[in-house]
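Engineer: Chains as they are written, first to last, in numbering that gives the first Met the number 0: chain A, 0 to 352; chain B, 0 to 352.
From the three backbone atoms N, C-alpha and C, an ideal C-beta is built for every residue, glycine too.
All values derive from a computational prediction rather than experimental measurement.
Number of protein chains: 2
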Amino acid sequence: MMPDSQIKQATLRDVAEMARVSYQTVWRVVNEHPNVAVDTRERVLQAVRTLDYRPHRAAQVLTTGRSYILQLVIFEYAYGDPLPAILHWAREFGYTMVVTELKDATSAESVRTLLRETAQMIDGLLMVMPYPHLSYDALAGLCQGRPFVVVNTELGAKMPSVVFDQRYGMRLAVEHLVALGHRRIAEISGPLDNCDARARHDTWIRMAADMAGRCEFDPSLSVAGDFEVGSGYSAAQHLLATGRSFSAVLVGNDLMALGAMRAFDEAGLRIPEDVSIVGYDDAALSAYLSPPLTTVRQEFDTLGRESVEYLVSLIEDRLTPIQQRVLYPELIVRQSTCSRTGEHPQTGELGRR
Amino acid sequence: MMPDSQIKQATLRDVAEMARVSYQTVWRVVNEHPNVAVDTRERVLQAVRTLDYRPHRAAQVLTTGRSYILQLVIFEYAYGDPLPAILHWAREFGYTMVVTELKDATSAESVRTLLRETAQMIDGLLMVMPYPHLSYDALAGLCQGRPFVVVNTELGAKMPSVVFDQRYGMRLAVEHLVALGHRRIAEISGPLDNCDARARHDTWIRMAADMAGRCEFDPSLSVAGDFEVGSGYSAAQHLLATGRSFSAVLVGNDLMALGAMRAFDEAGLRIPEDVSIVGYDDAALSAYLSPPLTTVRQEFDTLGRESVEYLVSLIEDRLTPIQQRVLYPELIVRQSTCSRTGEHPQTGELGRR
DNA sequence: CCCGTGGATGTGAACCGTCACAATAGTACA
DNA sequence: TGTACTATTGTGACGGTTCACATCCACGGG
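1. Quick one: which unbroken beta strand (DSSP E) runs of 3-plus residues sit fully inside the segment 271 to 301 of chain A? Chain order, please.
2. Is Arg324 (chain B) helix, strand or coil by DSSP?
3. What does the alpha-carbon distance come out to for the pair Gln345 (chain A) and Phe226 (chain A)?
4. Between the Cα of Arg213 (chain A) and those of A:Ile184, A:His237, A:Ala223 and A:Thr301, spot the shortest distance and give me the residue it belongs to.
5. What's the call for Ser221 (chain A), buried or exposed, on a 16-neighbour Cβ count within 10 Å?
6. Could you tell me the distance, in whole angstroms, from the CA atom of Ala240 (chain A) to the CA atom of Asp192 (chain A)?
7. Within its chain, find whatever has a CB closer than 6 angstroms to the CB of Gly303 (chain A); leave out the 5 residues flanking it on each side and keep chain order.
8. If you follow the alpha helix (DSSP H) that Ile204 (chain B) is part of, which residue opens it and which one closes it?
9. Would you identify the three-state DSSP class for Gln70 (chain A), choosing helix, strand or coil?
10. Apart from the five residues on each side of it in sequence, which residues of its chain come closer than 6 angstroms, Cβ to Cβ, to Val98 (chain B)?
11. Starting from the C-beta of Asn34 (chain B), find all residues in its chain whose C-beta is less than 8 angstroms away, skip the five residues before and the five after it, and write them out in chain order.
12. I'd like to check one pair, Asp164 (chain B) with Leu176 (chain B): are the Cβ atoms closer than 9 angstroms?
13. What number of angstroms, rounded off, separates the C-alpha of Gly168 (chain A) from the C-alpha of Glu305 (chain A)?
14. Can you grab the Cα-Cα spacing for the pair Thr152 (chain B) / Arg90 (chain A), in whole Å?
15. Buried or exposed: Asp122 (chain B), going by 16 or more other Cβ atoms within 10 Å of its Cβ?
16. Grouping DSSP H, G and I as helix and E and B as strand, with all else coil, what is Phe147 (chain B)?
17. Would you decide whether Asn30 (chain A) is buried or exposed? Buried here means 16 or more other CB atoms lie within 10 Å of its CB.
18. Answer with yes or no whether the minimum CB distance from Val28 (chain A) to chain B is below 9 angstroms.
19. Name the residues in the segment 98 to 125 of chain A whose C-beta lies less than 8 angstroms from a C-beta of chain B; which are they?
20. In chain order, what residues of the segment 215 to 232 of chain A put their CB closer than 8 angstroms to some CB of chain B?
21. Terminal residues of the continuous alpha helix (DSSP H) containing Met260 (chain B)?
22. Evaluate Ala36 (chain A) with the Cβ neighbour count: other Cβ atoms within 10 Å of its Cβ, from every protein chain shown; 16 or more gives buried, anything less gives exposed.
23. Could you list which residues in chain A have their beta carbon closer than 8 angstroms to that of His87 (chain B), in chain order?
24. Going along the chain, which residues of its own chain have a beta-carbon closer than 7 angstroms to the beta-carbon of Arg407 (chain A), five neighbours each way excluded?
25. What's the gap between the Cα of Gly93 (chain B) and the Cα of Glu41 (chain A)?
26. Find out if the Cβ-Cβ distance for the pair Leu292 (chain A), Ser233 (chain A) is shorter than 9 angstroms.
27. List the whole-angstrom C-beta distance separating Thr294 (chain B) from Asp273 (chain B), where the pair is believed to meet the contact cut-off of C-beta under 8 angstroms.
28. In whole angstroms, what is the alpha-carbon distance linking Asp316 (chain A) and Glu308 (chain A)?
29. Which residues in chain B sit within 8 angstroms of Arg53 (chain A), going by Cβ to Cβ distance?
30. Per DSSP, what kind of secondary structure is Thr152 (chain A) in: helix, strand or coil?
31. Alpha carbon to alpha carbon, how far is Leu114 (chain A) from Ile204 (chain A)?
32. Tell me which same chain residues have a C-beta within less than 7 angstroms of the C-beta of Ser4 (chain A), skipping the five on either side of it?
33. At what residues does the alpha helix (DSSP H) containing Ala84 (chain B) begin and finish?
34. Answer with buried or exposed for Val14 (chain A), where buried requires no fewer than 16 other C-beta atoms within 10 angstroms of its C-beta.
35. Provide the residue(s) that pair with Arg183 (chain A) in DSSP beta bridges, ordered along the chain.
36. Are the beta-carbon atoms belonging to Leu284 (chain B) and Ala283 (chain A) less than 9 angstroms from one another?
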């Protein structure tokens, strides 16, 4: 059994009674308004302490319309990455965070359902929705005019958003491989309806076209995974099964890179001598893989801070313009990439079933 | 600029006016009470739809005292693991979740601060606090009599809680290694003020004592990490630096196991031939390490479901008894462990700096 | 002595649902 | 025709905070 089931919270009026003043005076003291006599203030504060008075948030929300609660909407993939940073910065800015997961981010209906539940309670929304199926107006409608910031959407999208420049990140990765002499480069991308994955994929194709001769894009050496370890593993196996040769792989994130490394390892290929691998994200574990993974770092802490900061400024100051804040990733070179020596046994000979 | 800044939400009274009935009738329709004439009901529902009426949650909280919001308090370590499951099940049970991180879980003061902010808004708390410094009464006091469930605390703790039996899990791991013939077993534990880490560590010591002769506990081969990859790496290096021989390592979680594997790899030791490794958790990536990691699986989805289910039953039905629900982990044997052949080069010869 | 000024404090209404109770209409049955 | 009862609908107060406004008092200047 629970003990003394509900402890009755003291109210403004309770404190007023105890301090022998009106509730308004108590309110003034609590909200630090001027024009309260020092001895009255003391008496009130005393009462506040003994009764352990705290303003009732729900009542405050009801009258002021402000809850200091934000809602984070995340799509299942995007999990671990930006969440800790967002949580941390929300707290730092004085907000608490409701976290909701969205199963089907592509349908406006599921978003609507999600918002129904909490809508009147929250001051603004942060949406990690890498599936840009909803226009600004659609989102604004769903959010009932509440401020929102989209995290990780298309570069150039006309909405309040904070994004990494995926084209830039991919360029770093490709240039790195090309500089090492790699020509036949395979790709294990994320799901192509994910805008990040798409942007990187498209960038890779465009770069290959632009650098014709120095490297090439082979459609049969481009597989899409789902950002999970297992899909990296099977994608790598699939690449090997094609029998086509490649000396390096661009992988959509570090988790899939880990899976791919395992597959190559099982196939007897050495990394980086036989296959160079570039990951994406720079997860905590990437520095400790064997070999440590060359990857494109996305600074999720910055992403979290920028997103929250932007959202809060939209909430508190209506003058903030709609804009897209762009962050730039960084290439972290470790030991999973090396120059293509050409004399090593390459995939294509070994990889044949 | 944000567009038409705030969209005015329709209230019960607005709907009533439109449907030409009293707000009470609207309320009855919305809350599906009987005794409303069919045509009235239709008229009201029509008005509800055209005005897109939704009850104001804050007002509901104010009058009913129920918010259908739960608060999750997590200590930084315990991150990724139980969170997705808890989120999912909370939603499943009709609750939304406020997620708050706690920097210093050992001080009652920091908990109090955290709760102040949201206290009157939430129906109950879920605390992932593997630092059992607070008694049931202390916690109940902090929670102001609101129901709470502790996730991952000490086995046998007298509070509403859901835990894995860490002793059982560790026993599985140790028995596995002993059955494979390992005698000198090293340990990379989690931080020993963490009750999970502590329970496993203590179990290991007790088992070694009980099985005297068949395996042994060597204090200098027991290092505490912090559950992060990097600490597994340096702990493994430390083990090697002792110059003492060991043929297997019990690691506090899979992430540290990954770090340790890297360290052994760098030192030229093969896994499992030279060192067998047992992890803990069965993280998503563990099956894809090279070699795939033998580990003790904790079913976090079950943990999440049980925790939320328990909390909800405490909230909705005051008769639920205070109890501890115990879940049992499971040994997953993969390829990072093998029988000790004795003829292989063991650590101690190779490991010397 | 009166008025203006400003500090100190109090009153009433509003926010939006909820709930206990009141009121009205309508039917059934004696 | 009246009573009992039900189905349907309405009224009033309340929850705890906020805010605009009202009141009271004292003090200084004229």
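Structural biologist: The answer reads as follows:
1. 275 to 277 and 294 to 296
2. In the second sequence, residue 324 (chain B) corresponds to position 325, counting from 1. DSSP places Arg324 (chain B) in strand when its eight states are reduced to three.
3. For the purposes of this step, residue 345 (chain A) is taken as the residue at position 346 of the first sequence. For the purposes of this step, residue 226 (chain A) is taken as the residue at position 227 of the first sequence. Interpretation of Gln345 (chain A) is limited by its pLDDT of 47, a score under 50 that renders its predicted location unreliable; the figure taken from the coordinates is listed afterwards. The straight-line gap from Cα to Cα measures roughly 26 angstroms.
4. By one-based count along the first sequence, residue 213 (chain A) stands at place 214. If we check each option's Cα against that of Arg213 (chain A), A:Ile184 comes out closest.
5. Numbered from 1 along the first sequence, position 222 holds the residue referred to as residue 221 (chain A). Counting Cβ neighbours within 10 Å, Ser221 (chain A) comes out buried, since at least 16 surround it.
6. For this step, residue 240 (chain A) is matched to residue 241 along the first sequence. For this step, residue 192 (chain A) is matched to residue 193 along the first sequence. Using only the alpha carbons, I get a separation of about 25 angstroms.
7. Working through the first sequence from its first residue, we reach residue 303 (chain A) at position 304. Around Gly303 (chain A): Pro81, Ala84, Ile85 and Trp88.
8. Here residue 204 (chain B) refers to the residue found at position 205 when the second sequence is read from its first residue. Note, Ile204 (chain B): alpha helix (DSSP H), Cys194 to Asp209.
9. As a first step, residue 70 (chain A) must be located in the first sequence, where it is residue number 71. In the structure shown, Gln70 (chain A) sits in a strand (DSSP, three-state: E or B).
10. Residue 98 (chain B) sits at position 99 when you count from the first residue of the second sequence. Contacts found: Leu71.
11. As a first step, residue 34 (chain B) must be located in the second sequence, where it is residue number 35. Contacts found: Arg27.
12. Looking up residue 176 (chain B) in the second sequence gives position 177. Looking up residue 164 (chain B) in the second sequence gives position 165. Contact: no.
13. Taking the first residue of the first sequence as 1, we reach residue 168 (chain A) at position 169. Taking the first residue of the first sequence as 1, we reach residue 305 (chain A) at position 306. Distance between the alpha carbons of Gly168 (chain A) and Glu305 (chain A): 19 angstroms.
14. On the second sequence, residue 152 (chain B) is found 153 positions in, with the first residue counted as 1. On the first sequence, residue 90 (chain A) is found 91 positions in, with the first residue counted as 1. Thr152 (chain B) and Arg90 (chain A): Cα-Cα distance of roughly 25 angstroms.
15. For the purposes of this step, residue 122 (chain B) is identified with residue 123 of the second sequence, where counting begins at 1. Looking at its Cβ environment, which holds 16 or more other Cβ atoms inside 10 Å, Asp122 (chain B) is buried.
16. Within the second sequence, residue 147 (chain B) is the residue found at index 148, counting from 1. Strand at Phe147 (chain B).
17. Translated into positions along the first sequence, residue 30 (chain A) becomes position 31. So Asn30 (chain A) counts as exposed.
18. As a position in the first sequence, residue 28 (chain A) is number 29, starting the count at 1. Output row for Val28 (chain A): interface = no.
19. Val98, Thr99, Glu100, Arg115, Glu116, Thr117, Ala118, Gln119 and Met120
20. Glu227, Val228, Gly229, Gly231 and Tyr232
21. The residue you call residue 260 (chain B) lines up with position 261 of the second sequence. Note, Met260 (chain B): alpha helix (DSSP H), Asp253 to Glu265.
22. Translated into positions along the first sequence, residue 36 (chain A) becomes position 37. Burial call: exposed.
23. To locate residue 87 (chain B), count along the second sequence from 1; it is residue 88. Those are Glu100, listed as they occur along chain A.
24. The displayed coordinates of chain A run from 0 to 352. Any statement about residue 407 (chain A) would go beyond what the structure contains.
25. As a position in the second sequence, residue 93 (chain B) is number 94, starting the count at 1. As a position in the first sequence, residue 41 (chain A) is number 42, starting the count at 1. Distance between the alpha carbons of Gly93 (chain B) and Glu41 (chain A): 44 angstroms.
26. Residue numbering aside, residue 292 (chain A) sits at position 293 when the first sequence is read from its first letter. Residue numbering aside, residue 233 (chain A) sits at position 234 when the first sequence is read from its first letter. Going by C-beta atoms, Leu292 (chain A) is not nearer than 9 angstroms to Ser233 (chain A).
27. Along the second sequence, read from residue 1 onward, the residue named residue 294 (chain B) stands at position 295. Along the second sequence, read from residue 1 onward, the residue named residue 273 (chain B) stands at position 274. Going by Cβ atoms, the distance from Thr294 (chain B) to Asp273 (chain B) rounds to 19 angstroms, so no, they are not a contact pair.
28. Here residue 316 (chain A) is taken as the residue at index 317 of the first sequence, counted from 1. Here residue 308 (chain A) is taken as the residue at index 309 of the first sequence, counted from 1. Asp316 (chain A) and Glu308 (chain A): Cα-Cα distance of roughly 11 angstroms.
29. Numbered from its first residue, the first sequence carries residue 53 (chain A) at position 54. Those within 8 angstroms of Arg53 (chain A) in chain B are Arg115, Ala118 and Gln119.
30. Against the first sequence, residue 152 (chain A) aligns to sequence position 153. Coil at Thr152 (chain A), not helix or strand.
31. Here residue 114 (chain A) refers to the residue found at position 115 of the first sequence. Here residue 204 (chain A) refers to the residue found at position 205 of the first sequence. Straight-line Cα distance between these residues: approximately 38 angstroms.
32. Your numbering for residue 4 (chain A) matches position 5 in the first sequence. Because the pLDDT of Ser4 (chain A) is 48, which lies under 50, any placement of that residue in the model is unreliable, and the number read from its coordinates should be weighed accordingly. Nothing meets the Cβ criterion.
33. Position 85 of the second sequence, counted from the start, is the residue given in the question as residue 84 (chain B). Unbroken alpha helix (DSSP H) run through Ala84 (chain B): Leu82 to Glu91.
34. To locate residue 14 (chain A), count along the first sequence from 1; it is residue 15. Flag for Val14 (chain A) reads buried.
35. If you number the first sequence from 1, residue 183 (chain A) lands on position 184. Paired residues: A:Glu215.
36. Sequence index remark: in the second sequence, residue 284 (chain B) carries index 285 (1-based). Sequence index remark: in the first sequence, residue 283 (chain A) carries index 284 (1-based). The answer is no: Cβ separation not under 9 angstroms.
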